[in-house]
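The structure appears right after this line, and notes come after that.
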Amino acid sequence: MPPERTIFLIDGQSFYASVEKAAHPEYRDKPVAVGDPARRNGIILAACPIAKARGVTTAERVGEALAKCPDLVVIRPRMQRYITISLLITEIFESVSDQVEPFSIDEQFIDVTGSISSFGSPEEIAKMLQSRIMLATGVWSRCGIGPTKILAKMATDNFAKKRPDGIYKLGPENIEYDLWPLPVHQMFMVASRMTRHFIRMGLPTIGDIARLELGEFKRRMRREMGKQSDIQAEYYWQTARGIDPSPVVPSIRGALKSVSHGKALRANLYTRREDIEVVLLELVVEVCRRARRLGYQGRVVSVGAMETNGERVTGFGRQMTLSQPSSLTHEVAAAACKLFEKYWSGLPVGRLYIALTELSSDETYQLTLFDNRPEAYALERATDAIKERYGDAAILRGSSLLSSGVARERAGQIGGHFK
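Going by the working numbering, the sequence shown opens with residue 1, and the numbers climb by one from there.
So, in structure tokens, the structure goes:
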């Protein structure tokens, strides 16, 4: 019989804020939050424990946070820095186990079942990793330990984060006494809506769900949510009992099926087709560049748009099959513009989306009689190389310099935030 698994969920405390405090030792004893100090209506992305003790919360407005805590130091986010630190932490975990699965930028699962014989008990491994992360990054981390990913996650969120040593183990020996008495909203994947359902069902704690027979819980769920709720019922019942057969998967990406890019827009600024098509072309440029970097070309071009006049919201999503697979900007752009022109209703556009699907390797491509495709690919790849070395804004199309262009702004961002 195989040994019981030992899985960690390690979380970086106030990750963005901790990275910034490590970079700015002068702020060590001050309340620090990450957000855009120039935008009082922007949101707080992270707050350090000192700031949280003063009432600052994640996702509230910068202006509201400063009203609560006038001496709050608000630091502009540096997303590339946070990604780099997260990858460094992954390398630290991989020095102990080859089974490391990122869950978010600041949380990662590690299966250390095979590492115990080499590195000591789970608690000793957790302390060693905490120490290495702190020395390498300045980020304090918390570790939940369990025989399943679900229990490791709930051990971190409900217990390890509240302990001075930042370590807590949750398993069959203590789940009934420690986890089950907690309010049901503290169960993994239970938000406010499901909490209301469970309260109406007379199940205010995690244990109230776990102690029911599965058949009885399904009957209650059907009465509350309808006949289609059986799958949800089984999931929540298993979660309450800590049942989770899913393994820690080192690679979280399967075969790539599409390359896509989208952009939210201020609809009142994008009412004319010529302005919208500037952004459309910028999205095509980025999608094609990303496809080439990954070694793909696509046969199908998809365009989506969300349209609104402030009262009515509509939109479309349409696709076109190319005569041959491509990741050349001018070929994909021609199809994208044709789709947009055909299906746009004329309302202001609040979001645009471009995708390439039916991907294939770009190691071979179809030659044509009237276009020099090898020369076009060589030019595109030369442009890609310049951008990789000198930044996304090193070479821009002339249309991106118009007021409707967003490429220059996005060149300084990752995921909509400053690099």
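Note that the Cβ used here is the ideal one computed from N, Cα and C, for glycine as well.
Note that this is a predicted model, so its numbers are computed, not measured.
Starting from R196 and walking both ways along the alpha helix (DSSP H), at which residues does that stretch end?
Translated into the one-based positions of the sequence shown, residue 196 becomes position 196. It spans S192 to R200 - the alpha helix (DSSP H) in which R196 sits, taken as one unbroken run.
With DSSP as the reference, please indicate the residues paired to C143 in a beta bridge.
On the sequence shown, position 143 is the one that residue 143 refers to. The partner list for C143 (beta bridge, DSSP) reads I10 and I167.
Nearest to H330 by CA position, among D98, L294, L379 and V349, is which residue?
Mapped onto the sequence shown, residue 330 falls at position 330. In this structure, L379 is the residue among D98, L294, L379 and V349 with its C-alpha nearest to the C-alpha of H330.
Since E4 and P147 are thought to touch, with beta carbons under 8 Å apart, how far apart are those beta carbons, to the nearest angstrom?
The sequence position of residue 4 within the sequence shown is 4, counting from 1. The sequence position of residue 147 within the sequence shown is 147, counting from 1. Sure, about 5 Å apart at Cβ, within 8 Å.
Thinking just about the alpha-carbon of each residue, which of K218, T57 and R351 is nearest to the one in W237?
For the purposes of this step, residue 237 is identified with residue 237 of the sequence shown, where counting begins at 1. Closest by alpha carbon: K218.
Residue environment, L203, which counts as buried when at least 16 other CB atoms sit within 10 Å:
Mapped onto the sequence shown, residue 203 falls at position 203. Buried: at least 16 other Cβ atoms inside 10 Å.
Alpha carbons only, please: which of R373, Y365, E358 and T308 is nearest the one belonging to S345?
Indexing the sequence shown from 1 puts residue 345 at position 345. Checking every option, the nearest Cα to that of S345 belongs to T308.
Enumerate, from N- to C-terminal direction, the unbroken beta strand (DSSP E) stretches of 3 or more residues contained entirely within the segment 226-282.
Every beta strand (DSSP E) of 3 residues or more that sits fully in the segment 226-282 is shown, in chain order, as 258-264.
Whole-number beta carbon distance between V32 and I44, since they are thought to touch under 8 Å:
Along the sequence shown, one-based indexing puts residue 44 at 44. Along the sequence shown, one-based indexing puts residue 32 at 32. Rounded, the Cβ-Cβ distance is 11 Å, inconsistent with contact.
Going along the chain, which residues of its own chain have a beta-carbon closer than 6 Å to the beta-carbon of S404, five neighbours each way excluded?
Counting from 1 along the sequence shown, the entry for residue 404 is found at position 404. Closer than 6 Å at Cβ, skipping near neighbours: D275 and V278.
Nearest by alpha-carbon distance to R54: which of P172, I354 and D29 is it?
In the sequence shown, the residue the question calls residue 54 occupies position 54. Closest by alpha carbon: D29.
Contact between the segment 313-321 and the segment 339-354 is defined here as three or more beta-carbon pairs at a separation below 8 Å; is this criterion met?
Yes, the segment 313-321 touches the segment 339-354.
Enclosing beta strand (DSSP E) for P102 [first to last residue]:
Counting from 1 along the sequence shown, the entry for residue 102 is found at position 102. Counting along the chain, the beta strand (DSSP E) containing P102 begins and ends at V100 to S104.
At the level of alpha carbons, what is the spacing between E124 and E91?
Numbered from 1 along the sequence shown, position 124 holds the residue referred to as residue 124. Numbered from 1 along the sequence shown, position 91 holds the residue referred to as residue 91. The straight-line gap from Cα to Cα measures roughly 19 Å.
Evaluate K227 with the Cβ neighbour count: other Cβ atoms within 10 Å of its Cβ, from every protein chain shown; 16 or more gives buried, anything less gives exposed.
Taking the sequence shown and counting its residues from 1, the one referred to as residue 227 is at position 227. It is exposed - the Cβ of K227 has fewer than 16 other Cβ atoms within 10 Å.
Run the CB neighbour count on D106, radius 10 Å, all protein chains shown included, and call it buried at 16 or more, exposed below.
Counted from its first residue, the sequence shown places residue 106 at position 106. It is buried - the Cβ of D106 has at least 16 other Cβ atoms within 10 Å.
Taking the alpha carbon of N41 as the reference point, which residue from H24, V62 and G35 has its own alpha carbon closest?
Locating residue 41 in the sequence shown gives position 41, counting from the first residue. Selection H24, V62 and G35 evaluated against N41 yields V62 as nearest (Cα-Cα).
Given this structure, state the Cα-to-Cα distance separating E375 from C288, to the nearest angstrom.
For the purposes of this step, residue 375 is taken as the residue at position 375 of the sequence shown. For the purposes of this step, residue 288 is taken as the residue at position 288 of the sequence shown. Approximately 16 Å between the Cα atoms of the pair.
Local conformation of L352 per DSSP, three classes
Here the question's residue 352 lines up with position 352 in the sequence shown. The answer is strand: DSSP assigns L352 an E or B state.
With a cut-off of 8 Å, do at least 3 Cβ pairs link the segment 128-144 to the segment 174-183?
Inter-segment contact for the segment 128-144 and the segment 174-183 is absent: fewer than three beta-carbon pairs are separated by less than 8 Å.
CA nearest to the CA of M189, picked from K153, E216 and F93:
As a working mapping, residue 189 is identified with position 189 in the sequence shown. Measuring from the Cα of M189, the nearest candidate turns out to be K153.
Report the option in R220, V303, M320 and S326 whose CA atom is closest to the CA atom of I354.
The residue given as residue 354 occupies position 354 in the sequence shown. Nearest of R220, V303, M320 and S326 to I354, Cα basis: V303.
If I follow the unbroken beta strand (DSSP E) through Y296, where does it start and stop?
Along the sequence shown, read from residue 1 onward, the residue named residue 296 stands at position 296. Taken as a continuous stretch (DSSP letters only), the beta strand (DSSP E) holding Y296 covers Y296 to T308.
What residues match up with D178 in a beta bridge as DSSP calls it?
Within the sequence shown, the letter at position 178 stands for residue 178. Looking at the DSSP assignment, D178 forms no beta bridge with any residue, so it has no partner.
For G166, is the beta carbon positioned less than 6 Å from some heavy atom of the ligand MN?
Judged by which ligands are present, the structure shown has none, so any question about the ligand MN falls away.
Simplified DSSP assignment, three categories, for M1
Position 1 of the sequence shown holds residue 1. At M1, the pLDDT of 47 sits below 50, so the modelled position is not reliable and the matter cannot be decided from this model.
May I ask you to report which of helix, strand or coil DSSP gives L87?
As a position in the sequence shown, residue 87 is number 87, starting the count at 1. Secondary structure at L87: helix, using DSSP grouped into helix, strand and coil.
Report yes if the CB atom of V34 is closer than 7 Å to the CB atom of P102, and no otherwise.
Position 34 of the sequence shown, counting from 1, holds the residue named residue 34. Position 102 of the sequence shown, counting from 1, holds the residue named residue 102. No; because the gap between Cβ atoms is not below 7 Å, this pair is not in contact.
Taking the straight line between their C-alpha atoms, what separation do you get for S104 and S115?
Here residue 104 corresponds to residue number 104 of the sequence shown, with the count starting at 1. Here residue 115 corresponds to residue number 115 of the sequence shown, with the count starting at 1. Each residue's Cα considered, the two are about 23 Å apart.
Look at the Cβ atom of A59, then the Cβ atom of A17, and state whether they are nearer than 7 Å.
As a first step, residue 59 must be located in the sequence shown, where it is residue number 59. As a first step, residue 17 must be located in the sequence shown, where it is residue number 17. Taking 7 Å as the cut-off, the Cβ atoms of A59 and A17 do not count as close.
For D157, which three-state DSSP category applies?
By 1-based counting over the sequence shown, the position of residue 157 is 157. DSSP places D157 in helix when its eight states are reduced to three.
Is Q108 buried or exposed, if buried means 16 or more other CB atoms sit within 10 Å of its CB?
Here residue 108 corresponds to residue number 108 of the sequence shown, with the count starting at 1. By the 10 Å Cβ count, Q108 comes out buried.
Using DSSP bridges, identify the partner residues of E107.
Counting from 1 along the sequence shown, the entry for residue 107 is found at position 107. Paired residues: D11 and S104.
Quick one, are the C-beta atoms of P37 and V96 less than 7 Å apart?
To locate residue 37, count along the sequence shown from 1; it is residue 37. To locate residue 96, count along the sequence shown from 1; it is residue 96. The answer is no: Cβ separation not under 7 Å.
Assuming V259 and L356 form a contact by the criterion Cβ under 8 Å, report the distance between their Cβ atoms to the nearest whole angstrom.
The count along the sequence shown starts at 1 and reaches residue 259 at position 259. The count along the sequence shown starts at 1 and reaches residue 356 at position 356. Rounded, the Cβ-Cβ distance is 5 Å, consistent with contact.
R397 versus A334 - alpha carbon distance
In the sequence shown, residue 397 corresponds to position 397, counting from 1. In the sequence shown, residue 334 corresponds to position 334, counting from 1. Taking the straight line from one Cα to the other gives about 16 Å.
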